[in-house]
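Note that the working numbering has the sequence shown beginning at 1, numbered continuously upward. Note sheet for the following structure.
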Amino acid sequence: MKQNALFNFELKNRLIFLVMSFLLLAPIAVQAQPLAKHIKEPTAVEDKVIASKIIQDKAGVTEGDGMYSILLPDGRSIFLMGDSYTGEVTNGKRTKGFHMYRNTYHIYDNGKVSSISDVQGKHSSAAVPPGVTDEGKWWYWPGHGFVSENKLYIFQTLMYQGGEGMWGFRYKETHLLEYELPSLRLLRNEKIPFPGASEVHYGMAAMNDGDYIYIYAQVDERNDWNPIAHAYVARTTHDKLFTEWEYYTGSGWSKDHTQAVKMEGTDGVAISSQFNVFKLKNKYVLLTQHKQFNSGKVYTFIADNPWGPWRNQKLILRTKEQEIKDLFTYNAMAHPQFEKNGRILVTYNVNTSVFSQQAEDVTTYRPRFYWVKKKEILRP
Numbered sequence: 001m002k003q004n005a006l007f008n009f010e011l012k013n014r015l016i017f018l019v020m021s022f023l024l025l026a027p028i029a030v031q032a033q034p035l036a037k038h039i040k041e042p043t044a045v046e047d048k049v050i051a052s053k054i055i056q057d058k059a060g061v062t063e064g065d066g067m068y069s070i071l072l073p074d075g076r077s078i079f080l081m082g083d084s085y086t087g088e089v090t091n092g093k094r095t096k097g098f099h100m101y102r103n104t105y106h107i108y109d110n111g112k113v114s115s116i117s118d119v120q121g122k123h124s125s126a127a128v129p130p131g132v133t134d135e136g137k138w139w140y141w142p143g144h145g146f147v148s149e150n151k152l153y154i155f156q157t158l159m160y161q162g163g164e165g166m167w168g169f170r171y172k173e174t175h176l177l178e179y180e181l182p183s184l185r186l187l188r189n190e191k192i193p194f195p196g197a198s199e200v201h202y203g204m205a206a207m208n209d210g211d212y213i214y215i216y217a218q219v220d221e222r223n224d225w226n227p228i229a230h231a232y233v234a235r236t237t238h239d240k241l242f243t244e245w246e247y248y249t250g251s252g253w254s255k256d257h258t259q260a261v262k263m264e265g266t267d268g269v270a271i272s273s274q275f276n277v278f279k280l281k282n283k284y285v286l287l288t289q290h291k292q293f294n295s296g297k298v299y300t301f302i303a304d305n306p307w308g309p310w311r312n313q314k315l316i317l318r319t320k321e322q323e324i325k326d327l328f329t330y331n332a333m334a335h336p337q338f339e340k341n342g343r344i345l346v347t348y349n350v351n352t353s354v355f356s357q358q359a360e361d362v363t364t365y366r367p368r369f370y371w372v373k374k375k376e377i378l379r380p
């Protein structure tokens, strides 16, 4: 009974955090621009094959969210998840042996998946903050990552229980973890060299492109039922990852983080707390789910540079689960290393406001996977 109560408490708090990621931090109010009109509805096709490999009924993660991915040099992909359940599922219900991890890693290798957790003993997560023995008090939720000079780098947001009850979650800082490849042995874990405000979370998207690594942040300008949110970008080189970043100023780059400004061209869509920037053919693509709670709309923009300006806003996917009572969707992600018939893989998270549903119907806390046409993203 105590264990079940603890899990229910964690679920409630996790749900509140997810909802608050849509609604908190609103320093300045300005007039929002209307969403662009689209002549055609998106033609995304649901995937069941890869989805069933990563989220299983047995011998792996059965429920969870987050769902970043990074292509590794040997052709494997690593998926990064936040709160994740393991155990057994029978007829769509949790049955026995379940446990919630704060984060898990999943290696996808030609249709076979191996999961990483318990790195510091039984029931510890894939990544654990230094010195932490109780992940109920301090823990990591993953950001994005990248590969540089044959090493894997993953951003992890350090969270803690700093208040009472459901509203007690606090963000402390973001760490950058360095892993050896192909072994995935942890080599280094340090705080990122960003000294700015805690509401600016760099590491929510990342991309290695040529001479620079680009690190993106989501920033809320107004966070209510009609939110306004933007993306910022910093850059650095491999040798300065842990020591010195430059910030995009609108006309160039500065080592002074207070000079950072939003990237231009996305004002019609509130950038989600987690999003993507990636390269597709000869263009850069920014993919985000509109942050307005339960909008269900996933958009892309394209640009000629990693810092924009962004253009060509396209509605490429409409989620549907939010139309079901108690369910909501959030934080869509692209996985462009997965291609099929001119389409790339896109995921989004599903959750429920009725906590018992997660045990009674595991589909209420499982990501969805869709194939989206590249030409719908790229064509003018």
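Virtual Cβ for every residue (Gly too), placed ideally from N, Cα, C.
Cβ shell of residue i (< 8 angstroms), same chain only, five flanking positions each side left out
i      : result
SER272 : GLN218, ALA229, THR288, GLN289, HIS290, LYS291, TYR330, ASN331, ALA332
TYR140 : ARG102, ASN103, SER125, ALA127, VAL128, PRO129, GLN156, THR157, LEU158, MET159, HIS175
LEU187 : LYS151, GLU178, TYR179, GLU180
PRO309 : MET263, GLU264, GLY265, ALA303
Exposed unless 16 or more other CB atoms sit within 10 angstroms - verdict on residue i
i      : result
SER125 : buried
ALA270 : buried
LEU72  : buried
GLY136 : exposed
PHE369 : buried
GLU173 : exposed
GLY162 : exposed
ASN349 : buried
ASN276 : buried
THR62  : buried
THR319 : buried
PRO182 : exposed
SER52  : exposed
LYS340 : exposed
LYS297 : buried
Distance between residue j and residue i (C-alpha atoms, nearest Å)
i      : j      : result
ARG94  : ASP239 : 46 angstroms
TYR365 : SER356 : 11 angstroms
ILE50  : ALA231 : 30 angstroms
LYS58  : GLU88  : 5 angstroms
ILE16  : GLU149 : Confidence in ILE16 is poor, its pLDDT being 42 and thus under 50, which makes the residue's placement too unreliable to answer from.
SER198 : TYR171 : 7 angstroms
GLY168 : ARG379 : 45 angstroms
LYS191 : PHE242 : 8 angstroms
VAL372 : LEU345 : 6 angstroms
ASP224 : GLN120 : 39 angstroms
GLY75  : GLU180 : 16 angstroms
GLU46  : THR347 : 10 angstroms
THR258 : THR237 : 20 angstroms
GLU244 : GLY64  : 34 angstroms
ASN189 : PRO195 : 17 angstroms
SER251 : MET67  : 33 angstroms
THR90  : GLU321 : 22 angstroms
LYS375 : GLU164 : 49 angstroms
GLY111 : THR249 : 43 angstroms
ASP134 : ASN282 : 46 angstroms
TYR216 : LEU315 : 22 angstroms
For residue i, the nearest candidate out of the options (CA to CA)
i      : options                        : result
PRO367 : SER84, GLU180, SER77           : SER84
GLN274 : VAL200, THR236, TRP245, VAL89  : VAL200
ASP326 : HIS335, VAL354, GLN120         : VAL354
ILE54  : ASP74, THR86, GLN120           : THR86
LEU317 : ALA334, TRP310, GLY252, ARG311 : ALA334
MET100 : GLY82, GLY92, PRO182           : GLY82
GLN313 : GLN322, GLU321, TYR299, GLY60  : TYR299
PRO336 : VAL45, PRO42, SER69            : SER69
ARG311 : THR62, GLY342, ILE377          : ILE377
ASN351 : HIS144, SER52, GLY308, ILE324  : ILE324
PRO193 : LEU184, LEU177, LEU187, ARG185 : LEU177
GLU221 : THR363, ASP267, LYS297         : ASP267
VAL362 : ASP134, GLY92, GLU41, ASP256   : GLY92
ALA359 : LYS96, GLU41, GLY60            : LYS96
ASN226 : GLN56, PHE293, MET204          : PHE293
VAL261 : LEU286, VAL233, SER183         : VAL233
PHE278 : ASP256, LYS255, PHE338, GLY296 : PHE338
LEU280 : PHE301, SER183, PHE328         : PHE301
PRO142 : LEU184, GLY203, ARG185, LEU286 : GLY203
Cβ neighbours of residue i in the same chain (closer than 6 angstroms, five flanking residues each side left out)
i      : result
PRO306 : ASP209, TYR214, TYR284
TRP138 : PRO129, VAL132, TYR160
THR106 : The sequence shown places His at residue 106, rather than the Thr named in the question. For HIS106, where only same-chain residues beyond five positions count, the Cβ hits under 6 angstroms are ILE54, PHE79, VAL113, SER115.
TYR212 : ARG235
TRP253 : GLU246
TYR108 : SER77
ARG343 : TRP371, VAL372, LYS373
PHE98  : TYR85, GLY87
ASP118 : SER124
Own chain, CB closer than 7 angstroms to residue i, minus 5 neighbours either side, in chain order
i      : result
PHE146 : ILE70, TYR153, ALA206, MET207, ASN208, ILE213
is_contact[residue i, chain D] using C-beta, thresh 9 angstroms
i      : result
LEU187 : The structure shown contains no chain D, having only a single protein chain.
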